[in-house]
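Asker: Could you have a look at this structure, given as structure tokens, before my questions?
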Amino acid sequence: MSLTAHRGEILHFLNDPTNTVRMDADDTNVTDCWHYFKDGLLVLEAGYVRNCGASADLLKTLPTGTPIIEHRHGLIMPGFVDAHVHYPQCEVIGAYDTQLLDWLETHTFPAELKFSDQQYGEEIAAFFIDQLLSNGTTTALVFGTVHPESVDAFFTVAERRKLRMICGKVMMDRHAPKALCDTPASSYQQSRDLIRRWHGRSRLSYAVTPRFAPTSSPEQLDMAGRLMREFPDVYLQTHLSENLKECEWVSTLFPEQKDYLDVYDHHGLLGRRSVFAHGIHLSDDEWQRLHQTDSSIAFCPTSNLFIGSGLFRLDKADEYHVSVGLGTDVGGGDSFSILRTINEAYKVQQLQGDNLSPFRALYLATLGGAKSLNLESVIGNFESGKEADFVVLDYQATKLLDFRIKKCKSIMERLFVLQMLGDDRAIRETWIMGEKQILD
Ligand code: GUN
Ligand code: ZN
17 MSLTAHRGEI LHFLNDPTNT VRMDADDTNV TDCWHYFKDG LLVLEAGYVR NCGASADLLK
77 TLPTGTPIIE HRHGLIMPGF VDAHVHYPQC EVIGAYDTQL LDWLETHTFP AELKFSDQQY
137 GEEIAAFFID QLLSNGTTTA LVFGTVHPES VDAFFTVAER RKLRMICGKV MMDRHAPKAL
197 CDTPASSYQQ SRDLIRRWHG RSRLSYAVTP RFAPTSSPEQ LDMAGRLMRE FPDVYLQTHL
257 SENLKECEWV STLFPEQKDY LDVYDHHGLL GRRSVFAHGI HLSDDEWQRL HQTDSSIAFC
317 PTSNLFIGSG LFRLDKADEY HVSVGLGTDV GGGDSFSILR TINEAYKVQQ LQGDNLSPFR
377 ALYLATLGGA KSLNLESVIG NFESGKEADF VVLDYQATKL LDFRIKKCKS IMERLFVLQM
437 LGDDRAIRET WIMGEKQILD
């Protein structure tokens, strides 16, 4: 079988390093949590990782003639995971002057109306996927719109690019423009048809997608629960406890439920494949229930700051051992870049007197994100047999980055500066299943 090797500085994670900041050596450094090789080799076979280690150990094991691709002044890492993003919201990114509920009415719903046209959906999906790849994101959990065509469009483009992606049709039967509303029965049937057509095909998976509690009747949430029972290996994605006015609204719409999470719980929507975006204003009971059900949260700092929703409690997620991934939440979020997302996550932590080490941040962007999507057996690091989706980060991407990185005395400092100053310019290459992607 033909092998290819990529040689350069390599970092990947095996476990959550929590807030560890120390890396004692600046050379090869292998711990329970990460493997760092100053001069490393990533050996691929037919699109999968065969081996990853120090060049000094692995070069001699390669059959003669194995092509070796050298990556200088850069860092090879697993591709980034975006645990929450809306592809139909590309054109509302950076919209002025609103918070969540007005933002939906003013900017988002009008943009989503256009996705009844599959052709339009494919154009935007292609643009969106180019944006993800230029930003080093290789897997995402993605919202479509209420139109099943939007999901057909997205999966068609993602399949062509051989990507590992999860997407779903929005279920929404109230409190939205009529043209964006389905019904409990039609949302069930359309979701079921999409699951049959796409779930498990190529590297694609389906997510049952009630938008959020206010836009689904109890009957529709029942249908979402029915889908989760009938197709136990599909995902569930929705929004949870993002904005205080939204939370108040949910408590008046669902007076019988004891809290926001309980609305979803009551309909059987919690579990290992359930990913709740935001989760900013949660009670300890809700954190405990997320833990009990092994549900995940997508931490979306750019969005939480941009649309003024609040500060996510990463400390609570840690206290209750709730799995967390990073989400850009474009178009509520103002950047496709996971590096920028980390930058804002760091500041959210600072404002709460807490910390986010550069190692933890990159763990969340890779293996942590993969775990939040229950995909850690196939992506997230360079263990043998994983799919070879990876990025090459560029320490010299800008004059400032180059200047500042040269002052760094350790890998820890270099990683931190890369996160604080980096964006799509710091993504030199993105590889999918061992194939280099052409970036914008
Ligand atoms: N809550 C319900 N819908 C949305 C959405 O599209 N974006 C965000 N950020 N929150 C939501
Ligand atoms: Zn969202």
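So the sequence shown is numbered by the numbering used here: it starts at 17 and just counts up by one.
Think of the CB as a built atom: it goes at the ideal place given N, C-alpha and C, for glycine as much as any other residue.
Please read all numbers here as calculations on a predicted model, not as lab measurements.
Out of Asp-410, Leu-437, Glu-429, Gly-401, point me to the one whose CA is closest to Met-449's CA.
Answerer: Ranking Asp-410, Leu-437, Glu-429, Gly-401 by Cα distance to Met-449 puts Gly-401 first.
Asker: Where does Tyr-112 land, buried or exposed, given buried means 16+ other C-beta within 10 angstroms?
Answerer: By the 10 Å Cβ count, Tyr-112 comes out exposed.
Asker: Report the rounded CA-to-CA distance for Leu-78 versus Phe-29, giving the unit in angstroms.
Answerer: Spanning the two alpha carbons is a distance of roughly 24 Å.
Asker: What residues in its chain sit with their C-beta under 6 Å from that of Gln-412, if we drop five residues either side in the sequence?
Answerer: Counting only Cβ-Cβ distances below 6 Å, and skipping sequence neighbours, we find His-89, Asp-418.
Asker: Tell me which same chain residues have a C-beta within less than 6 Å of the C-beta of Thr-161, skipping the five on either side of it?
Answerer: Pro-104, Glu-128, Phe-131, Val-186.
Asker: Is it the case that the CB of Gly-348 approaches a heavy atom of the ligand GUN more closely than 7 Å?
Answerer: Checking the Cβ of Gly-348 against the ligand GUN gives yes.
Asker: DSSP puts Asp-98 in a beta bridge; with which residues?
Answerer: Ala-156, per the DSSP bridge assignment.
Asker: Let me know the secondary structure DSSP gives Met-188 once reduced to three states.
Answerer: Coil.
Asker: Quick one: is the Cβ of Arg-227 within less than 7 Å of any heavy atom of the ligand GUN?
Answerer: Yes, the Cβ of Arg-227 comes within 7 Å of a heavy atom of the ligand GUN.
Asker: Between Ala-404 and Gly-24, what straight-line distance do the alpha-carbon atoms span, to the nearest angstrom?
Answerer: If you take the alpha carbons of Ala-404 and Gly-24, they lie about 16 Å apart.
Asker: Considering only DSSP beta bridges, list what Trp-50 is partnered with.
Answerer: Answer is Phe-29.
Asker: For a test of your reading of the model: does the CB of Ala-169 fall under 7 Å from any non-hydrogen atom of the ligand FAD? Yes or no.
Answerer: Inclusion of the ligand FAD in the displayed structure is not the case, the ligand content consisting of the ligand GUN and the ligand ZN alone.
Asker: Going by the CB atoms, is the gap between Ser-233 and Asp-189 shorter than 8 Å?
Answerer: Closer than 8 Å, so yes.
Asker: Tell me the rounded alpha-carbon separation between Ile-313 and Arg-208.
Answerer: Approximately 25 Å, taken between the alpha carbons.
Asker: Using CA atoms only, rank isn't needed, just tell me which of Val-394, Arg-227, Leu-252, Gly-216 is closest to Glu-262.
Answerer: Glu-262 has its Cα closest to that of Arg-227, out of Val-394, Arg-227, Leu-252, Gly-216.
Asker: Check Gln-253 in the structure and name its three-state DSSP category.
Answerer: The answer is strand: DSSP assigns Gln-253 an E or B state.
Asker: Taking only three categories from DSSP, how would you classify Pro-200?
Answerer: DSSP places Pro-200 in helix when its eight states are reduced to three.
Asker: Who are the Cβ neighbours of Thr-362 in its own chain at under 6 Å, not counting the five residues just before and after it?
Answerer: The amino acid at residue 362 is misidentified as Thr; the sequence shows Tyr. Around Tyr-362: Leu-372.
Asker: Note down, one range per segment and in chain order, each beta strand (DSSP E) of at least 3 residues found wholly within the segment 251-311.
Answerer: 251-256, 290-294, all fully within the segment 251-311.
Asker: What are the boundary residues of the beta strand (DSSP E) that Tyr-222 is part of?
Answerer: Segment 220-226, the beta strand (DSSP E) holding Tyr-222.
Asker: Do Phe-398 and Leu-116 come within 8 Å of each other at the CB atom, strictly closer than that value?
Answerer: Taking 8 Å as the Cβ cut-off, Leu-116 and Phe-398 do not qualify as a contacting pair.
Asker: Quick one: give me the first and last residue of the alpha helix (DSSP H) that Ile-362 is part of.
Answerer: Before going on, a small fix: residue 362 reads as Tyr here, not Ile. It spans 354-367 - the alpha helix (DSSP H) in which Tyr-362 sits, taken as one unbroken run.
Asker: If you follow the beta strand (DSSP E) that Val-408 is in, where does it begin and where does it stop?
Answerer: First-last of the beta strand (DSSP E) with Val-408: 406-410.
Asker: Rounded to a whole number of angstroms, what is the C-alpha to C-alpha distance between Arg-13 and Glu-445?
Answerer: Residue 13 cannot be examined here, being either before or after the span of the chain that is shown, 17 to 456.
Asker: Which residue marks the beginning of the alpha helix (DSSP H) containing Leu-342, and which one marks its end?
Answerer: Leu-342 -> not in any alpha helix (DSSP H); beta strand (DSSP E) instead, spanning 339-342.
Asker: What do you get for Ile-454, buried or exposed, if any count of 16 or more other CB atoms within 10 angstroms of its CB means buried?
Answerer: The residue in question, Ile-454, is exposed, as its Cβ has fewer than 16 Cβ neighbours within 10 Å.
Asker: How long is the line joining the alpha carbons of Thr-172 and Asp-345, rounded to whole angstroms?
Answerer: Using only the alpha carbons, I get a separation of about 22 Å.
Asker: Is Glu-451 buried or exposed, if buried means 16 or more other CB atoms sit within 10 Å of its CB?
Answerer: Label assigned to Glu-451: exposed.
Asker: Measure the C-alpha to C-alpha separation of Gly-348 and Ser-257 and round it to an integer number of angstroms.
Answerer: C-alpha separation (whole angstroms): 15 Å.
Asker: Taking the continuous beta strand (DSSP E) assigned at Ile-443, which residues delimit it?
Answerer: Start and end: 443-448.
Asker: Just the Cα atoms here: how many angstroms apart are Lys-54 and Ile-427?
Answerer: Going by the C-alpha atoms only, they are around 9 Å apart.
Asker: So, under 8 Å CB-CB, Asn-45 and Arg-376 are touching, yes? Tell me the CB distance rounded to an integer number of Å.
Answerer: Contact flag wrong, Cβ pair sits at about 16 Å.
Asker: Would you kindly work out how many angstroms separate the C-alpha atoms of Tyr-251 and Ala-141, rounded to a whole number?
Answerer: Cα-Cα distance, rounded: 20 Å.
Asker: Under the three-state reduction of DSSP, which class applies to Leu-327: helix, strand or coil?
Answerer: The answer is coil: DSSP assigns Leu-327 none of H, G, I, E or B.
Asker: Is the beta carbon of Leu-380 sitting closer than 8 Å to the one on Thr-155?
Answerer: No. Outside cutoff.
Asker: Taking only three categories from DSSP, how would you classify Glu-403?
Answerer: Here Glu-403 sits in strand by DSSP.
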